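Notes follow once the structure below has been shown.
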Amino acid sequence: MSCSNPKVSTTPSSVLSWLLGITLGAGIALSAQAQLDLEGLWIRAMPPGQPMTAGYGKITNNSGEPTTILGASVTFADKVEFHETVTVDDAVRMQPMENLTLEAGESLTLTPGGAHLMIMGVAAMPSEGSDVALCVQTGAEETCVEAPVVRQAPAAMDMHHHHAH
Ligand SMILES: [Cu+2]
Numbered sequence: 002m003s004c005s006n007p008k009v010s011t012t013p014s015s016v017l018s019w020l021l022g023i024t025l026g027a028g029i030a031l032s033a034q035a036q037l038d039l040e041g042l043w044i045r046a047m048p049p050g051q052p053m054t055a056g057y058g059k060i061t062n063n064s065g066e067p068t069t070i071l072g073a074s075v076t077f078a079d080k081v082e083f084h085e086t087v088t089v090d091d092a093v094r095m096q097p098m099e100n101l102t103l104e105a106g107e108s109l110t111l112t113p114g115g116a117h118l119m120i121m122g123v124a125a126m127p128s129e130g131s132d133v134a135l136c137v138q139t140g141a142e143e144t145c146v147e148a149p150v151v152r153q154a155p156a157a158m159d160m161h162h163h164h165a166h
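2 is the number of the first residue of the sequence shown in this note's numbering; add one for each residue after it.
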């Protein structure tokens, strides 16, 4: 969160009101801000007719208190599960995540080969290049984003890349 307002006075009362203004502003911003921040979410483009695909990205708990993710949904498929990837007896497999509680400020990062959104019962696979609504539910609210349908992670998800070549 950034505040670019430079109106800082040296008199204590002005500083107090400035701080108060900041506090009120932050409070208003918080109430309008989603509990969950969905960052860089994308859905794997798959050929038409495939019954399932996966979604990835970063989900951060901005609520300031532990928050449990109850589920996720898309309009083009029956069911979305949070899966984790585990290795058992040298075999890689995936299973539903048991703990979907994020501590305050904690993020859940979903990446190919790791935890992911398993999207099942696809009625009509969205075409590559389209955007689809992807929603994540907590007890208090539902947070939705428009997620691009692409073959691989968009460049924005490459955290080590700073737009320079
Ligand atoms: Cu899976």
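Glycine included, every Cβ here is placed at the ideal spot set by N, Cα and C.
Predicted model only: the values in this text are computed from it and were never measured.
Across which residues does DSSP place G58 in a beta bridge pair?
Reading the sequence shown from its first residue, position 57 is the one you call residue 58. Paired residues: L111.
Name the DSSP bridge partner or partners of P52?
The count along the sequence shown starts at 1 and reaches residue 52 at position 51. Looking at the DSSP assignment, P52 forms no beta bridge with any residue, so it has no partner.
For the region 88-96 against the region 135-154, do three or more pairs of beta-carbon atoms, one drawn from each stretch, fall closer than 8 Å, so that the two count as touching?
no
Among A35, E147, G50, which one has its Cα closest to the Cα of G122?
What you label residue 122 is simply residue 121 of the sequence shown in a count that begins at 1. Measuring from the Cα of G122, the nearest candidate turns out to be G50.
Here's the rule: buried if 16 or more other CB atoms are within 10 angstroms of the residue's CB, otherwise exposed. What is V87?
For the purposes of this step, residue 87 is taken as the residue at position 86 of the sequence shown. Its Cβ having fewer than 16 others within 10 Å, V87 is exposed.
Could you tell me if the beta carbon of M98 falls within a distance shorter than 7 Å of some heavy atom in ligand 1?
Reading the sequence shown from its first residue, position 97 is the one you call residue 98. M98 Cβ: outside cutoff for every heavy atom of ligand 1.
Suppose only complete runs of 3+ residues qualify. What are the beta strand (DSSP E) ranges in the region 61-85, listed by chain order?
68-75
Is A105 near ligand 1, in the sense that its beta carbon is under 7 Å from a heavy atom of that ligand?
Counting from one through the sequence shown, the residue named residue 105 turns up at place 104. Checking the Cβ of A105 against ligand 1 gives no.
Does the Cβ-Cβ distance between Q36 and S74 come in under 8 Å?
Sequence index remark: in the sequence shown, residue 36 carries index 35 (1-based). Sequence index remark: in the sequence shown, residue 74 carries index 73 (1-based). No, Cβ-Cβ distance for Q36 and S74 is not below 8 Å.
Going by beta carbon distance, what residues of the same chain come within less than 6 Å of L31, once the five residues before and after it are set aside?
Here residue 31 is taken as the residue at index 30 of the sequence shown, counted from 1. Confidence at L31 is low in this model, with a pLDDT of 42, below 50, so its placement is unreliable and no value can be given for it.
Who sits around ligand 1, taking every residue whose Cβ is closer than 6 Å to one of its heavy atoms?
H84, M95, H117, M119
Here's the rule I'm using: 16 or more other beta-carbon atoms within 10 Å means buried, otherwise exposed. How should P67 be labelled?
Translated into positions along the sequence shown, residue 67 becomes position 66. Counting Cβ neighbours within 10 Å, P67 comes out exposed, since fewer than 16 surround it.
Cα separation between G56 and E104?
Along the sequence shown, one-based indexing puts residue 56 at 55. Along the sequence shown, one-based indexing puts residue 104 at 103. Answer to the nearest angstrom: the Cα atoms are 22 Å apart.
Take the Cβ of G41 as the centre, count every other Cβ of all protein chains shown within 10 Å, and call the residue buried at 16 or more, exposed below.
Residue 41 sits at position 40 when you count from the first residue of the sequence shown. The residue is buried, with at least 16 neighbouring Cβ atoms inside 10 Å.
Exposure label - T167; buried when at least 16 CB within 10 Å
The shown model of the chain, from 2 to 166, leaves out residue 167, and the question about it has no answer.
Judging by CA-CA distance, which residue of N62, T54, R45, P48 is the nearest neighbour of T110?
By one-based count along the sequence shown, residue 110 stands at place 109. Among N62, T54, R45, P48, the Cα nearest to that of T110 is on N62.
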